[in-house]
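Every letter in the sequence shown is one number past the one before it in my numbering, and letter 107, counting from 1, is 87. Positions of the beta carbon are idealized from the N, C-alpha and C atoms, including for glycine.
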Amino acid sequence: GRPTARGPHPRRLRRRPGRCEAAPPRRRLHGGFGDCDHPTSAWADGPDLRRDRSVAGDDQGRLEFLEIGDEPLQQAAETAQVRRALVPVSIIGKPGTGAGEFNSPQGIAVDNWGNLYVADTNNHRVQKITPYGDVYRYEYSGRDPGYLLYPSSVTVDPLLYMYVLDAGNCRVQKFNPTWRFEFTFGMEGTQAGCFRAPESITRDSFNNIYVADSGNSRIQKFNAAGRFQFQFPGMRGDVSGFRPAAVGIDREYNCYVADAATHRVIVFNSRGGAIGAFGGPGAAPGQLSEPVSVVVGPDDTVFVAEIGNARVQAFSPQGECLAVFAGTQSSGVEVIEPRALAVDPDGNLYVVDAKLHRVTKLEWR
């Protein structure tokens, strides 16, 4: 028989005046490990989901967002064609281990209500930050199902189910809207459904999950239940020079893949066939140096984060450079290592900086 899986789940919180109280936890159900593309499911008694209202900030105990005035912002928004600009609005977080603090964050997602989900990688946790500054933490490190080890990416579906790329354990874990652990899929390996040095995940509008399986030089697609669908660019020919660091999905289900090895964004159709590319090595506008994140906005603008040039660029779907944001130290919105991007429904861009241990919100004007 298969071994049972145990993992933590946060206890549900009921709001009462002046406090939060946890409901009794559900008991464990049994699941098991098998082939890489078969999910493992479990409920288990475990630690609480932490909801923090003691963060230094406003008089309500909420996390304070550092607002940035318009005048220095224009100096920090370096545009290539002066058509549009990425203008910083606020800075979220700082280095540390407390609520709303980060240690080398690597991933970010935003839901339809504007809540941020940050993969706080070296703190082995995911933090949720509401637009009002409330902070929730899921921070249980380990190797058992439901525990995290160097989580590097996160995505959230419209029903608030959360998928976390648990990179240290070479797997993806799914949590329900109350952050109870549901199942995990994947393990270390080279066969279909397994991962080696995975870097990021994203989803499409059908809640299919795409994993940038960097160590295996491929993108893998799974359905919402964690079942392997297919991989691309496939294993024909030499793909040793292909390092997919991230993938963004547009409304036509084309996949924009950040290839950190060739310093390009390669575009694949919904069936995994290559249909175009843009970028190329260099520091000029439109060129890229080690792109590690890509996201497609609601207006089909393609945003790319590159750590080699320490900047974010905005492109048209055809690969035309529209704007460059690099920040400046004097303006207080410096960019050193932009590792992950997310776009909210209004088109605002969020940039995770792993070296500065914070998130910068940019308005796309």
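- Of 125, 283, 239, the smallest CA-CA separation from residue 167 is found for 125.
- According to the DSSP assignment, residue 174 belongs to no beta strand (DSSP E), since it is labelled neither H nor E.
- Around the Cβ of residue 194, a 10 Å sphere holds 16 or more other Cβ atoms; the residue is buried.
- Residue pairing for residue 108: DSSP places it in a beta bridge opposite 97, 116.
- Taking C-beta atoms as the reference points, residue 123 and residue 105 fail to come closer than 8 Å.
- Under DSSP, residue 301 forms a beta bridge with 295.
- When the alpha-carbon of residue 338 is set against those of 64, 82, 69, the nearest one is in 82.
- Counting only the Cα atoms, residue 262 lies some 31 Å from residue 184.
- Note on the segment 133 to 160: whole beta strand (DSSP E) runs with a minimum of 3 residues are 142 to 146, 151 to 155, in chain order.
- Going by beta carbons, residue 143 and residue 189 fall inside the 8 Å limit.
- The continuous stretches of beta strand (DSSP E) do not include residue 277, and DSSP gives it neither H nor E.
- In its chain, beyond the 5 residues on either side, 90, 109 have a beta carbon closer than 6 Å to the beta carbon of residue 96.
- In this structure, 322 is the residue among 207, 259, 322 with its C-alpha nearest to the C-alpha of residue 180.
- In terms of Cα proximity to residue 283, the closest of 101, 93, 319, 164 is 319.
- Distances from the alpha-carbon of residue 127 to those of 264, 299, 101 put 101 closest.
- The DSSP-derived three-state label of residue 194 is helix.
- Cα atoms of residue 258 and residue 114: separation of roughly 40 Å, rounded to the nearest angstrom.
- Residue pairing for residue 180: DSSP places it in a beta bridge opposite 192.
- Per DSSP, the beta-bridge partners of residue 341 are 70, 330.
- Note on residue 325: under 16 other CB atoms within 10 angstroms of its CB, so exposed under the neighbour-count rule.
- Cβ neighbours of residue 266 within its own chain (closer than 6 Å, five residues either side excluded): 301.
- Cα atoms of residue 331 and residue 207: separation of roughly 30 Å, rounded to the nearest angstrom.
- Sorting 286, 132, 103, 250 by C-alpha distance to the C-alpha of residue 75 places 103 at the top.
- An exposed status is given to residue 231, since fewer than 16 other beta-carbon atoms sit within 10 Å of its beta-carbon.
- One alpha carbon belongs to residue 238, the other to residue 79, and they sit about 31 Å apart.
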